[in-house]
Amino acid sequence: MKIFAISGLALACLLGPLGAAQAQPAQEYSFPSTDGSKSPPSTLRITEQAQPGAAPAVRDTPQSIEQYQRCRNKVDREAIGNEQLQIGVAACLKDLEARRGQQ
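Structure, rendered in structure tokens:
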């Protein structure tokens with residue numbers, strides 16, 4: 008039996024201040040107690056908060072995503088070793104970033 012424990016301080020650092028406006032509803036994960044446990048079931052709530060002045064999330068167009076996927080598939084087929092695969096994936100990502108810069 009494995010037991011995971013999170014200290015109050017670690018949980019507070021992880022969740023941050025909950026009093027601020029929330030960007031999205033909290034995600035909840037319930038952990039039921041196990042047989043023989045004297046602890047009640049616990050629930051972990053995770054919220055994501057937008058940082059002031061943060062850049063908006065990048066949204067790729069469907070055409071850009073298709074181009075990236077075609078590039079990745081081509082690299083996956085043609086790469087002989089790990090080094091070639093890494094170089095090819097880096098080139099695909101560079102092209103994707105260039106398309107994002109044009110938007």
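Just so we're aligned: the sequence shown equals residues 8 to 110 in this note's numbering. Even for Gly, the Cβ is constructed at its ideal location relative to N, Cα and C. Just so it is clear, the structure is predicted and the values come from calculations on it, not from any experiment.
- Message: Check for me: the alpha helix (DSSP H) holding Ser71 runs from which residue to which?
- Response: Working through the sequence shown from its first residue, we reach residue 71 at position 64. Residues Pro69 to Glu85.
- What span of residues does the alpha helix (DSSP H) with Arg107 cover, start to end? Looking up residue 107 in the sequence shown gives position 100. It spans Asn89 to Gln109 - the alpha helix (DSSP H) in which Arg107 sits, taken as one unbroken run.
- Query: Between which two residues does the beta strand (DSSP E) harbouring Arg52 extend?
  - Reply: Here residue 52 corresponds to residue number 45 of the sequence shown, with the count starting at 1. Ser49 to Ile53 is the span of the beta strand (DSSP E), which, as asked, contains Arg52.
- Would DSSP call Gln34 helix, strand or coil? In the sequence shown, residue 34 corresponds to position 27, counting from 1. Three-state result, Gln34: strand.
- Task: Please name the residue, chosen from Gln34, Ala105, Lys81 and Ser46, that lies closest to Ile53 on a Cα-to-Cα basis.
- Result: Position 46 of the sequence shown, counted from the start, is the residue given in the question as residue 53. The option with the nearest alpha carbon to Ile53 is Gln34.
- Length of the line joining the Cα atoms of Ile72 and Asp102: Indexing the sequence shown from 1 puts residue 72 at position 65. Indexing the sequence shown from 1 puts residue 102 at position 95. Approximately 11 Å, taken between the alpha carbons.
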